[in-house]
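If you're matching positions, the sequence shown starts at 1 in UniProt numbering and goes up one per residue. For reference, the structure is listed below as structure tokens.
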Amino acid sequence: MICYRLRCANHHEFEGWYKDSATFAMLGQKGLLSCPECGTADVEQAPMAPAIVRRGRGRNVPQEQPAVDGTRAEAPPAPVQPTQPVLPDAVLSALRDVRRTIEDNCENMGKNFADEALRIHHGEAPERGIYGEMSQTQREMLEDEGVEFHNIPWVRDTDS
1 MICYRLRCAN
11 HHEFEGWYKD
21 SATFAMLGQK
31 GLLSCPECGT
41 ADVEQAPMAP
51 AIVRRGRGRN
61 VPQEQPAVDG
71 TRAEAPPAPV
81 QPTQPVLPDA
91 VLSALRDVRR
101 TIEDNCENMG
111 KNFADEALRI
121 HHGEAPERGI
131 YGEMSQTQRE
141 MLEDEGVEFH
151 NIPWVRDTDS
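Structural data, given as structure tokens:
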């Protein structure tokens with residue numbers, strides 16, 4: 001695991017944990033890195049102080065490292081990989097509102113979403129709002145057919 005200090009175009013700084021530097025580079029090239037505070041995908045590495053490790057008595061002992069302001073700071077704790085980015089409450093609230101609106105006004109097609117979207121597109125089913133799941137293959141098929149759809153971040157009601 002490797003930890004990078006990151007900064008978005010809006011100057012929010014945060015950490016990201018990655019399997020290795022190649023994984024970080026691949027995610028960056030595909031535009032899959034995003035700021036947990038504002039959501040922008042315009043993210044780059046920020047300067048960071050290296051962790052300095054001194055060997056003594058057969059075990060690693062982390063040394064203090066200089067903080068950005070020139071004072072001394074303790075070495076960082078052991079890495080913990082976050083399960084998902086932390087979103088500001090206002091963003092989570094808005095995403096919950098979007099989810100409720102979709103659930104109240106559209107039909108859940110589940111795994112049949114792509115088939116029903118295609119039927120609606122071809123006029124074989126009544127036009128209406130639907131939502132559900134689809135695979136990458138189904139996504140590509142809908143794109144090839146010219147079917148309009150949008151990916152919506154689907155937060156659980158219990159997220160906070």
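Built from N, CA and C at the ideal position, the CB exists for glycine as well. All values reported here derive from a predicted model rather than from experimental measurement.
- The alpha-carbon of Glu103 is positioned some 18 Å away from that of Val91.
- Relative to Glu15, the option among Gly132, Gly146, Leu32, Tyr4 whose CA is nearest is Tyr4.
- In terms of Cα proximity to Val147, the closest of Cys35, Pro36, Arg139 is Arg139.
- For secondary structure counted as the alpha helix (DSSP H) over 4 or more consecutive residues, the segment 16-42 holds these complete runs in sequence order: 21-29.
- The alpha carbon of His121 has as its nearest neighbour, out of Leu142, Gln29, Tyr131, His150, the alpha carbon of Leu142.
- Per DSSP, the beta-bridge partners of Arg7 are Glu13, Glu44.
- According to DSSP, Gly132 shares a beta bridge with Gly110.
- Using a Cβ distance threshold of 8 Å, Glu44 and Leu6 count as a contacting pair.
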